[in-house]
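For the sequence shown, this note's numbering gives the first residue as 14, with consecutive numbering after it. C-beta: ideal position from N, C-alpha, C; glycine also. Everything numeric in this text was worked out from a predicted model, so none of it was measured. Here is the structure we will look at, set down as structure tokens.
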Amino acid sequence: MNVITTEFDAADSRTPRHPAIVTRDGLRLFHKDWGDGAPILFVHAWSMSSDFWEYQMAPLASQGFRCIAFDRRGNGRSEDNGRGYSLDALADDLAGVIEQLDLSEITLVGHSLGASEVVRYLTRHGSGRVRRAVLVAGGTPPLVKSADNPDGIDKAMFDAIRDALLADRGKWLRDNAAPFFTPDTSAAMQDWTMAMMMQASLRAMVETVYLSSTTDLRRDLARIDVPVLVIHGTADQSIPHVFGQRTLDHLADGRMITYDGAPHGLLVTHAPRLRDDIAAFARS
């Protein structure tokens with residue numbers, strides 16, 4: 014069992030924050046909780062962990078925000094019972110984080126699969142605790158091709174990804190790393206990201222690989238009743254920029270910022286700009 018601790022200075026008179034988050038089915042989720050002020054809650058991408066948000070969290074925590082991120086079940090340092098990988102279940106885990114930390118007036122930020130979880134949370138649990146949302150490089154309209162989505166990607170590609178992960182996930186991650194970054198991204202940053210993804214359990218990876226590709230969130234998007242900022246890069250090969258544009262089409266109160274030349278891994282390749290855009294929106 015993971016041991017989860019929260020740093021607390023005994024000389025600090027504030028009440029220490031809850032040291033652990035427990036899901037409805039008893040799993041302990043690792044989380045980070047940095048800074049004080051208006052809360053920003055970050056939800057990470059497929060097979061990542063809360064670590065990937067550090068280049069936003071560290072500076073924003075120094076700018077007067079309370080920055081929280083957690084590891085999805087089966088990812089990073091959170092526990093894994095091999096179940097609970099539907100989008101509804103993951104949205105319920107997100108609800109548990111919000112409720113157990115008693116967060117309100119949140120700026121909710123999701124990247125890639127995390128964006129899908131943010132959308133499903135808002136329609137499944139409501140926006141009572143959320144002030145605004147940011148969807149970064151999300152695939153909220155389905156990626157997979159269908160009769161009413163003819164420009165989508167053939168499902169066979171996602172089947173091939175699943176098969177490759179089951180055969181040798183390390184090789185698949187390495188072979189597909191380059192488009193995730195920009196050419197000037199350091200080898201050390203790329204190695205750190207690959208190591209983070211290898212922390213996820215294989216079952217968690219293969220069970221969630223289809224979620225952003227096959228789940229149709231267009232009706233969910235239309236029901237969101239808080240302001241939403243969509244951020245997407247034009248060089249995103251994991252979830253092409255057009256899907257960010259389509260997300261905007263279904264929002265009642267949405268705006269979009271496009272990053273020219275930004276890939277899917279814009280959290281590190283365009284970290285200062287993303288941080289500043291999140292901060293400006295969180296203050297709006």
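- Distance from the CA of Pro-72 to the CA of Asp-161, rounded to the nearest whole angstrom, comes to 42 angstroms.
- Nearest neighbour of Ala-33 by Cα position, chosen from Thr-260, Leu-264, Asp-115, turns out to be Asp-115.
- In the DSSP assignment, Ile-81 falls within the unbroken beta strand (DSSP E) covering 78-83.
- In chain order, His-245, Thr-247 place their CB closer than 6 angstroms to the CB of His-254, counting only its own chain and leaving out the 5 sequence neighbours on each side.
- Look at the beta carbons and you see the region 212-220 not touching the region 230-244: under three pairs across the two are nearer than 8 angstroms.
- Taking the Cα of Val-239 as reference, the smallest distance to any Cα among Arg-259, Tyr-223, Ala-265, Leu-261 is reached at Ala-265.
- The C-alpha of Leu-280 lies about 12 angstroms from the C-alpha of Phe-55.
- DSSP places Leu-224 within a helical segment (H, G or I) once states are collapsed to three.
- A direct Cα-Cα distance of roughly 29 angstroms separates Arg-144 from Val-222.
- Annotation for Asn-88: His-57, Ser-60, Met-61, Ser-62, Gln-212, Ala-213, Ser-214, Ala-217 place their beta carbon closer than 8 angstroms to its own, counting only its chain and skipping 5 residues before and after.
- Counting only residues of its own chain and dropping the five nearest sequence neighbours on each side, Val-35 has a CB closer than 8 angstroms to the CB of Arg-41, Leu-42, Gly-109, Gln-113.
- Collapsing the DSSP output to three states places Asp-172 in a helix.
- The DSSP-derived three-state label of Ala-265 is coil.
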